[in-house]
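2 protein chains.
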Amino acid sequence: MKQTKKRTFTCGLDAAIAVMGGKWKGLILFTLQDGPLRFGELRRAVPGISERVLILQLREMETTGLLHREMYHQVPPKVEYSLTEFGHSLNSAMAPLGEWGEEHIERIEVIPWDEIR
Amino acid sequence: MKQTKKRTFTCGLDAAIAVMGGKWKGLILFTLQDGPLRFGELRRAVPGISERVLILQLREMETTGLLHREMYHQVPPKVEYSLTEFGHSLNSAMAPLGEWGEEHIERIEVIPWDEIR
DNA sequence: ACTCATACTTACATTCTTATCAGTACCCGG
DNA sequence: CCGGGTACTGATAAGAATGTAAGTATGAGT
Numbered sequence: 000m001k002q003t004k005k006r007t008f009t010c011g012l013d014a015a016i017a018v019m020g021g022k023w024k025g026l027i028l029f030t031l032q033d034g035p036l037r038f039g040e041l042r043r044a045v046p047g048i049s050e051r052v053l054i055l056q057l058r059e060m061e062t063t064g065l066l067h068r069e070m071y072h073q074v075p076p077k078v079e080y081s082l083t084e085f086g087h088s089l090n091s092a093m094a095p096l097g098e099w100g101e102e103h104i105e106r107i108e109v110i111p112w113d114e115i116r
Numbered sequence: 000m001k002q003t004k005k006r007t008f009t010c011g012l013d014a015a016i017a018v019m020g021g022k023w024k025g026l027i028l029f030t031l032q033d034g035p036l037r038f039g040e041l042r043r044a045v046p047g048i049s050e051r052v053l054i055l056q057l058r059e060m061e062t063t064g065l066l067h068r069e070m071y072h073q074v075p076p077k078v079e080y081s082l083t084e085f086g087h088s089l090n091s092a093m094a095p096l097g098e099w100g101e102e103h104i105e106r107i108e109v110i111p112w113d114e115i116r
């Protein structure tokens, strides 16, 4: 994954997967689609994610330009995360995938996952 | 990832990512959309993948029902991989994502990937 | 002083994914 | 009987992703 120079992709799908790949980014994007959320809200909204991993994902998504981080200088601290236009566009592009998943979720759940991974 | 029982998902997107997640499955799906390919053809069509990883991915996608494996008892051996209906439907659902990637590929390429991963 | 809440950090451990490379079985042409 | 092509399999290792648990800073309220 590490490259000193510009990374190249074989096709659009390849590029898209590089941006939204991993277990959590899709969910985070999905969770933020209705408006900004604070760090703690986000953590509660994405079940199963640890604080550390959430922060790593958020940083990464900030770097890729998917989301915006706004901090309010208060105590206790308040930080809000929201989708950028770029993030919104990706979210729209992923909507059909989400629908597909919902349509087939029962079939997907009975896949013998423990034999695979 | 390993569970003895049925796996549950928080939403359709979560389920979809479980099925097509990883670096290669999207590409393989994409590569097979125009018709069946033999193992060797597939390996040459997906640049950068190793034989072993390709096989692992193919096995997994066979188990999840995305593709069909047809072997012809010949020498030298011939095995063809093709998308199932399920695979085709996932491919259609991913098409917008591929388009999104193509539209933004330049922006994605200049992301400082080496600072992230 | 002391506790509370928030948004992180840090160190460390574990598990998952991907890579490298050698080897197998089969028959055919030379 | 030797090498070539095909589709694998296996051992091993490196690297990436994820998880766990603890600690930090700040000021307001008690």
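Going down the list, the sequences are from chains A and B.
Counting in numbering that gives the first Met the number 0, the first sequence runs from 0 upward without gaps.
Counting in numbering that gives the first Met the number 0, the second sequence runs from 0 upward without gaps.
Glycine included, C-beta positions come from ideal geometry on N, C-alpha and C.
Here the structure is a predicted model, which means the values were calculated and not measured.
Item to check | Under 8 angstroms between C-beta atoms of L162 of chain A and F85 of chain A | outcome: Past the boundaries of the shown model lies residue 162 of chain A; chain A is included only from 0 to 116, so the question cannot be answered.
Checklist entry - Quick one: is M70 of chain A near chain B, going by C-beta distance under 8 angstroms? => result With respect to chain B, the C-beta atom of M70 of chain A has no partner C-beta closer than 8 angstroms.
Checklist entry - By the 10 Å Cβ neighbour count, where 16 or more other Cβ atoms means buried, how is Q73 of chain B classified, buried or exposed? => result Classified as exposed, Q73 of chain B has fewer than 16 neighbouring CB atoms from the shown chains inside 10 Å of its CB.
Item to check | Separation of R106 of chain A from I16 of chain A, as counted between CA atoms | outcome: The C-alpha of R106 of chain A is placed about 23 angstroms away from the C-alpha of I16 of chain A.
Checklist entry - In this structure, does DSSP put L65 of chain A in helix, strand or coil? => result For L65 of chain A, the three-state secondary structure derived from DSSP is coil.
Checklist entry - Going by the beta-carbon positions, is the gap between L28 of chain B and G97 of chain A smaller than 8 angstroms? => result Contact: no.
Next on the checklist: Quick check on E50 of chain A - is its C-beta less than 8 angstroms from some C-beta in chain B?
Outcome noted: By the rule that beta-carbons nearer than 8 angstroms mark a contact, E50 of chain A does not touch chain B.
Item to check | Buried or exposed by the 16-neighbour rule on C-beta atoms within 10 Å, applied to T7 of chain A | outcome: Residue environment: T7 of chain A is assigned as exposed (fewer than 16 neighbouring CB atoms within 10 Å of its CB, all protein chains considered).
Item to check | Any beta strand (DSSP E) of 3 or more consecutive residues that is wholly inside the region 72 to 98 of chain B | outcome: Runs of the beta strand (DSSP E) spanning 3 or more residues and lying entirely within the region 72 to 98 of chain B occur at 77 to 82, in chain order.
Checklist entry - Going by alpha carbons, who is nearest to H87 of chain A out of A:G21, A:A14, A:G25, A:I115? => result Nearest to H87 of chain A by alpha-carbon distance, out of A:G21, A:A14, A:G25, A:I115, is A:G25.
Checklist entry - Is Y80 of chain B buried or exposed, if buried means 16 or more other CB atoms sit within 10 Å of its CB? => result Counting Cβ neighbours within 10 Å, Y80 of chain B comes out buried, since at least 16 surround it.
Checklist entry - When DSSP labels each residue in this structure, what does R6 of chain A get in the three-state scheme? => result The DSSP-derived three-state label of R6 of chain A is coil.
Checklist entry - Tell me which same chain residues have a C-beta within less than 6 angstroms of the C-beta of E61 of chain A, skipping the five on either side of it? => result Excluding sequence neighbours, E61 of chain A sits near R68.
Item to check | C-alpha distance - G34 of chain A paired with R42 of chain B, whole-angstrom precision | outcome: Cα-Cα distance, rounded: 43 angstroms.
Checklist entry - So W112 of chain A is in the alpha helix (DSSP H); what residue range does that whole segment cover? => result Segment 112 to 115, the alpha helix (DSSP H) holding W112 of chain A.
Checklist entry - Which residues in the same chain as L89 of chain A place their Cβ atom closer than 8 angstroms to its Cβ, once the five residues preceding and following it in sequence are excluded? => result Apart from sequence neighbours up to five positions away, the residues of its chain that approach L89 of chain A with a beta-carbon distance below 8 angstroms are A15, V18, M19, L28, L65, ordered along the chain.
Next on the checklist: Cutting at 7 angstroms between CB atoms, please list the residues of its own chain near S91 of chain B, excluding the five before and the five after it.
Outcome noted: Spatial neighbours of S91 of chain B in its own chain (CB-CB distance under 7 angstroms, excluding positions within 5 residues in sequence) are not present.
Item to check | Below-8 angstroms beta-carbon distance, I16 of chain B vs any chain A residue | outcome: Chain A, which has a Cβ nearer than 8 angstroms to the Cβ of I16 of chain B, makes this yes.
Checklist entry - Would L82 of chain B pass as a contact of L31 of chain B if the rule is Cβ separation under 8 angstroms? => result For L82 of chain B and L31 of chain B, yes; Cβs fall inside 8 angstroms.
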